[in-house]
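A short worksheet on the structure shown next.
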Amino acid sequence: MQRVFIAGPCVIESQDLLNRVAECLVRINKKFNTDIIFKSSFDKANRTSISSFRGPGIDRGLQMLSDIKERYGLRILTDIHESWQAKPVGEVADVIQIPAFLCRQTDLLVAAAKTGRTVNIKKAQFLSGKDMVYPVEKAKDAGAVDVWLTERGNMYGYNNLVVDFRNISDMLDIVPTVIMDCTHSVQRPGGGGGKTSGDRRFVPSMALAAKAFGATGYFFEVHPDPDKALSDGPNMLCIDDLEKVIESICK
Numbered sequence: 001m002q003r004v005f006i007a008g009p010c011v012i013e014s015q016d017l018l019n020r021v022a023e024c025l026v027r028i029n030k031k032f033n034t035d036i037i038f039k040s041s042f043d044k045a046n047r048t049s050i051s052s053f054r055g056p057g058i059d060r061g062l063q064m065l066s067d068i069k070e071r072y073g074l075r076i077l078t079d080i081h082e083s084w085q086a087k088p089v090g091e092v093a094d095v096i097q098i099p100a101f102l103c104r105q106t107d108l109l110v111a112a113a114k115t116g117r118t119v120n121i122k123k124a125q126f127l128s129g130k131d132m133v134y135p136v137e138k139a140k141d142a143g144a145v146d147v148w149l150t151e152r153g154n155m156y157g158y159n160n161l162v163v164d165f166r167n168i169s170d171m172l173d174i175v176p177t178v179i180m181d182c183t184h185s186v187q188r189p190g191g192g193g194g195k196t197s198g199d200r201r202f203v204p205s206m207a208l209a210a211k212a213f214g215a216t217g218y219f220f221e222v223h224p225d226p227d228k229a230l231s232d233g234p235n236m237l238c239i240d241d242l243e244k245v246i247e248s249i250c251k
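Anchor point for the sequence shown: position 176 equals 176 in the working numbering, and the numbering is continuous, going up by one each time.
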């Protein structure tokens, strides 16, 4: 099975940012014969603080993602937070992502499944890998043909995540495509004084550990200057470092 790679900035900040990242992904695709799916969010509806940047919204955001798809030939992944968003998002995105906190929301899963697009369900921080059989059943019952699962760590205490890599094996018993979210898994949720903190130096190790446990896909949020990113900067990988990480996975 060909590995799945997903990469892009956490949230849409500007068209220029999307272009810069897309150009890098196209270059990496050509070098390693990969098919990296471009990811960015039009609305980060689950930010820690009310004052946090959320994105351009669904109308402008989908137009910007559509431009990336047409200009660079990249497949698109973005997330939804409300059921009504599924239909318009499905007209642009190749993969619709269900956020971890919302992975048990039946109406959201059903709406995503009915678009006919691939549905990527992120495992909640409060669930085990085996528990994800039930969100998958909901999506498939609603007609989803292709369902992915994504590991992003578990919360056992305050402001920290721990990855139990056995979850990858457990979820591979449910679906054939299990993604390791290598950047969100190094977050420290709410640990930055009203915003999420994190430690990006562990991202390459997360990817290699997931590979050892049989992951079939890898998710990286990337940015040209993560320290100046408007969302998830501390855990995002610098775009210049992505090529080396993907090379290590492809060996």
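Beta carbons are placed, not taken as given, at the ideal position from N, Cα and C, and that holds for glycine.
{"Check": "Check whether the Cβ atoms of R261 and G153 sit closer than 8 Å, and answer yes or no.", "Outcome": "Residue 261 falls outside the range modelled here, since the chain spans only 1 to 251, and no answer is possible."}
{"Check": "Taking contact to mean 3 or more Cβ pairs, one atom from each stretch, closer than 8 Å, check whether the stretch 129-143 and the stretch 173-180 are in contact.", "Outcome": "yes"}
{"Check": "Relative to the C-alpha of S231, which candidate in K39, F53, A45, K211 has its C-alpha closest?", "Outcome": "F53"}
{"Check": "Just to check my reading of the structure: T106 and F219 have Cβ atoms closer than 8 Å, yes? What is that Cβ distance to the nearest angstrom?", "Outcome": "Between F219 and T106 the Cβ distance is about 24 Å, and since that is not below 8 Å, they are no contact."}
{"Check": "Give the secondary structure of H223 by DSSP, where H, G and I count as helix, E and B as strand, and everything else as coil.", "Outcome": "strand"}
{"Check": "In terms of residue numbering, what span does the beta strand (DSSP E) encompassing G8 cover?", "Outcome": "4-8"}
{"Check": "Can you give me the Cβ contacts of T115 inside the same chain, cut-off strictly under 7 Å, excluding the 5 residues immediately before and after it?", "Outcome": "A86, K87, G90, I96"}
{"Check": "Along the chain, which unbroken stretches of the beta strand (DSSP E) at least 3 residues long are found entirely within the stretch 82-165?", "Outcome": "95-98, 118-122, 147-151"}
{"Check": "In its own chain, which residues sit with a C-beta less than 8 Å from the C-beta of G57, not counting the 5 before and 5 after it?", "Outcome": "F42, D43"}
{"Check": "Taking Cβ positions, are I6 and S40 nearer each other than 8 Å?", "Outcome": "no"}
{"Check": "Quick one: Cα of D199 to Cα of P234, how far?", "Outcome": "6 Å"}
{"Check": "DSSP three-state label for F32, please.", "Outcome": "helix"}
{"Check": "I need the DSSP call for D240, collapsed to helix, strand or coil.", "Outcome": "helix"}
{"Check": "Using alpha carbons as the reference points, say which of S169, P226, K228, D240 lies closest to K211.", "Outcome": "S169"}
{"Check": "The beta strand (DSSP E) that contains I76, what's its start and end?", "Outcome": "76-79"}
{"Check": "With DSSP run on the structure shown, which of helix, strand or coil describes I174?", "Outcome": "coil"}
{"Check": "Anyone know if the C-beta pair for L74 and N120 falls short of 8 Å?", "Outcome": "no"}
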